[in-house]
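Mapping to full-length UniProt numbering: the sequence shown position 176 is 176, numbers consecutive.
Heads up, the beta-carbon is just placed ideally off N, CA and C, and yes, glycines get one too.
See structure below.
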Amino acid sequence: MRAIQITEFGGPEVLNVAEVPEPVAGPGQLLIEVSRAGVNYADTHQAEDSYLSSPELPLVPGGEAVGRTSDGRRVVALLGSGGYAEKAVAAEAMAWDVPDGIDDVTALGMILQGATAWVLLRRSTHLEPGESVVVHAAAGGVGSLAVQLAKAWGAGRVIATASTKEKRDLALELGADAAVDTAEPDLKSALIEANRGRRVDVVLEMTGGTVTDQSLRALAPFGRLAFYGMASRQAPSPVQPAGLMAHSTTIAGMWLAQVFQLPGDVMGTALRELFGLAADGRLRVVAGGEYGLTEARRAHEDLRARRTTGKLVLDPSR
C-alpha cells in the first residue's frame, strides 16, 4: 500500500511516499481503510524527533484517521503513528464510532484538536462562567474550537490572538469578542486592553517564547495558563515558584495522551459532547485544506509557516 514513510528525522523534506506492507490487526485492534488522515502540529515535531516521545525509524507518521473497518463501521481513531497511509491499525479502545451527519473533517477535527480544547477548558483551567479567556493561535485547529467552546460554556469575554488580519477576522466570526495581533510588542498590555482594562482569567497557550512570558504577566490573581505546545520552538523564561505564589497563578501543562490514564471515559465524554454540539450547529470545525498523500510535504510546510487555518487533512487516495 502507499504511505508516507520517514527514514531519517528532519523537516518536511523527510516525508516521502513509499510502498510499504499493509498493517495487520492483532487482538484488540481494528484495521481501518483510511478515507482521511488528520495533519497536526505534533506531526511536525514527530518528523523532526522533537516531540514528547521519541519514535523509531522507519516511521509512518500520523496520529489520527477516519475510515471504515472490515465490518463496515465508520470510525475515527487516535493512533500512535501510521495515519498517513491507505490503511492503518488502531486499538479498539482508541476508536470511536462517527455519528451520522458528521463528515470526515469534523470527525478528525474533534478527536484530537476538539478533545484538546475540551480538556484544556474543562480539566486544565476549570473555566467558570463569566471568566475571560485568551486563546492564542485562535484560527488554528485547537484555537478555533476553543473559541467556540469557551463561548458555548459561558465565558464572559473571549480574546483571540492570531498573526494576520484574516485569521483574526475568522476568530471574531467564530465568536471571539476581541482579536489581538500576536506580534504586538507589548502583548501583555494588548491583552489587558482587549479585556477592557482588566487582567485575564484563563490563557490557552501553544506558542512559547515571549508569548508565554507576556501572557503570564497578563493574568489576574488566581489566573490559569494551560501550556500545550511550543510552535515557535522557543522556550519561555524560567518560572519561579515564589512568583506563582505572589500572584496566585496556576500553570498547567497538557498532553492529550495522559487523558487515558484518568479514571472514567474522559475521551468518550468529550467526544459525545463535541459531536452533539456539532450536530446542533453550535460548534463547527473550520476546514483548513485537503492535501493528497503526495502533498504531505507541502502540508507540513504550510503548517510550519502558519499559512493555514482550521483542520488540515490528507486524502490517501491521491
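By Cβ distance below 7 Å, which residues in the same chain neighbour residue i in space, the five residues on each side in sequence not counted?
i: G229; result: Y41, M206
i: L303; result: V39, Y41, T44, L312
i: V266; result: V259
i: I6; result: V14, L15, A47, L57, P58, L59, P61
i: K151; result: V158, G175
i: S70; result: L31
i: L52; result: W255
i: L127; result: L121, V133, A150, W153, A155, V202
i: A218; result: K188, L191, I192, R199, V200
Start and end of the beta strand (DSSP E) containing residue i?
i: I102; result: Where I102 is concerned, there is no enclosing beta strand (DSSP E), given that its DSSP letter is neither H nor E.
i: W96; result: 95 to 97
i: L170; result: Premise fails: L170 lies in the alpha helix (DSSP H), 165 to 173, not in any beta strand (DSSP E).
i: E33; result: 29 to 39
i: E64; result: 64 to 69
i: I251; result: 250 to 253
i: S132; result: 132 to 135
i: D201; result: 200 to 205
i: E19; result: 16 to 19
i: T161; result: 157 to 162
Which residues in the same chain as residue i place their Cβ atom closer than 8 Å to its Cβ, once the five residues preceding and following it in sequence are excluded?
i: V34; result: A65, V66, G67, G83, A85, E86, K87, A88, P316
i: G28; result: A91, E92, A93
i: F9; result: A47, E48, D49, L57
i: S163; result: D181, T182, A183, R306
Between the Cα of residue i and those of the options, spot the shortest distance and give me the residue it belongs to.
i: L204; options: S144, E92, S163; result: S144
i: A25; options: E19, R307, D100, A91; result: A91
i: S232; options: A178, H247, R306, N195; result: R306
i: D213; options: R196, Q234, A93; result: Q234
i: T309; options: A155, D71, T161; result: T161
i: L196; options: R157, D71, P241; result: Reading off the sequence shown, one finds Arg at residue 196, where the question assumed Leu. Comparing Cα-Cα distances from R196 to each of R157, D71, P241, the minimum goes to R157.
i: Y291; options: V105, S53, V98, T7; result: V105
i: S132; options: E184, M1, D201; result: D201
i: D100; options: E295, R272, V286, A287; result: R272
i: L170; options: A3, E19, G288; result: G288
i: V134; options: K188, K165, V98, E173; result: K188
i: S81; options: E295, I4, S215, L172; result: I4
i: V147; options: M1, V285, L293, E295; result: V285
i: T294; options: M1, V17, H136; result: V17
i: R282; options: V75, D97, R198, E173; result: E173
i: P55; options: E184, R74, L79; result: L79
i: I102; options: V75, T249, M1, E128; result: V75
i: D186; options: K165, R198, R199, V211; result: V211
i: R199; options: T249, G209, K165; result: T249
i: P21; options: R2, G11, G264; result: R2
Within its chain, find whatever has a CB closer than 6 Å to the CB of residue i; leave out the 5 residues flanking it on each side and keep chain order.
i: A252; result: S124, A226
i: G114; result: L145, L274
i: A37; result: G62, A65, G83, Y84, L314
i: V142; result: Q113, T116, A117
i: A178; result: I159, A194
i: A270; result: A115, W118
Does the Cβ of residue i have 16 or more other Cβ atoms within 10 Å, making it buried, or fewer, making it exposed?
i: P58; result: exposed
i: A246; result: exposed
i: Q240; result: exposed
i: T182; result: buried
i: R318; result: exposed
i: A176; result: buried
i: P236; result: buried
i: A138; result: buried
i: R168; result: buried
i: G72; result: exposed
i: G140; result: buried
i: A242; result: exposed
i: S215; result: buried
i: L30; result: buried
i: H136; result: buried
i: L262; result: exposed
i: L191; result: buried
Go to residue i, then tell me how far its alpha helix (DSSP H) extends in each direction, as first and last residue.
i: Y84; result: Per DSSP, Y84 belongs to no alpha helix (DSSP H) and is neither H nor E.
i: S144; result: 141 to 152
i: I192; result: 187 to 194
i: L283; result: Run containing L283: none; DSSP gives neither H nor E here.
i: S215; result: 209 to 217
i: R304; result: 296 to 304
i: G243; result: 241 to 246
i: V119; result: 115 to 119
Would you say residue i faces chain D, with C-beta separation under 9 Å as the test?
i: E13; result: Given the protein chain composition of this structure (a single chain), no chain D is represented.
How about residue i: is its Cβ closer than 8 Å to a heavy atom in the ligand HEM?
i: T308; result: Only the bare structure without any ligand can be found here, which leaves the ligand HEM out of the picture.
Check your understanding: Would you call the stretch 107 to 126 and the stretch 264 to 282 touching, i.e. three or more CB-CB distances under 8 Å?
Key -> yes
Practice item. Take every Cβ of the stretch 296 to 307, pair it with every Cβ of the stretch 120 to 130, and state whether three or more of those distances are shorter than 8 Å. Key: no
Review point. Counting Cβ pairs closer than 8 Å, one from the stretch 257 to 269 and one from the stretch 214 to 224, do we hit at least three?
Key: no
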